[in-house]
Amino acid sequence: MQKTKASADELIALILHGIEEVKGVDINLLDLREIENTVCDYFIICNGTSNTHVNAIVSSIQKTVSKAIQDKPWHVEGAENAEWVLMDYVNVVVHVFQKHIREFYDIEGLWGDAKVTMVESSYNS
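Those letters in the sequence shown? Residues -14 to 110, by my numbering.
Here it is, written out as structure tokens:
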């Protein structure tokens, strides 16, 4: 029996759930589908408050996605210093930052043409 590929919507929901499980903050979803020559359809961007928190968010995302749809990131980069970890799920790329690194690189500013959705957390940060 062939494994069905999860839809982008399902993958996004699982990633967001993984972030919220460990209280990732300032979560934004960038829809890049209307922009030409992009490497993926969506960016999900969030902050952790420390190296440990960034790694906890990355781990939570991986566990949540793997458990629900048996999918794992094609590539993960930056986990060594945990200031900016990039998780590539092909159509969805997750950026988990520490706040000062996120402000420095300003991904949302670089992708200013993208449709940005701020994700409301189910808890107060």
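Where a beta carbon is used, it is the ideal one built from N, C-alpha and C, also for glycine. Here the structure is a predicted model, which means the values were calculated and not measured.
As summarised for the region -6 to 42, the continuous beta strand (DSSP E) elements at least 3 residues long and confined to that stretch are 10 to 16, 27 to 33, given in chain order. When only Cα atoms are considered, Val10 and Ser106 end up about 8 Å apart.
Setting aside the 5 residues that flank it on each side, Phe82 is surrounded in the same chain by Asn32, Trp69, each with a C-beta closer than 6 Å to its C-beta; the list follows chain order. Ranked by how close their Cα comes to the Cα of Gly94, the residues Phe28, Asn22, Glu5 have Phe28 in first place.
Partner residues in the beta bridge of His80, as assigned by DSSP, are Ile30, Leu71.
Using a Cβ-Cβ distance cut-off of 8 Å, the region 4 to 18 and the region 54 to 66 are not in contact, since fewer than three pairs of beta carbons, one from each stretch, lie closer than that value. Between Lys84 and Ala(-9), the alpha-carbon positions lie close to 31 Å from each other. DSSP places Val104 in the coil class of the three-state scheme, outside both helix and strand.
Within the same chain, Cβ atoms closer than 6 Å to the Cβ of Arg18 are found at Asp26, the five residues on either side in sequence being excluded.
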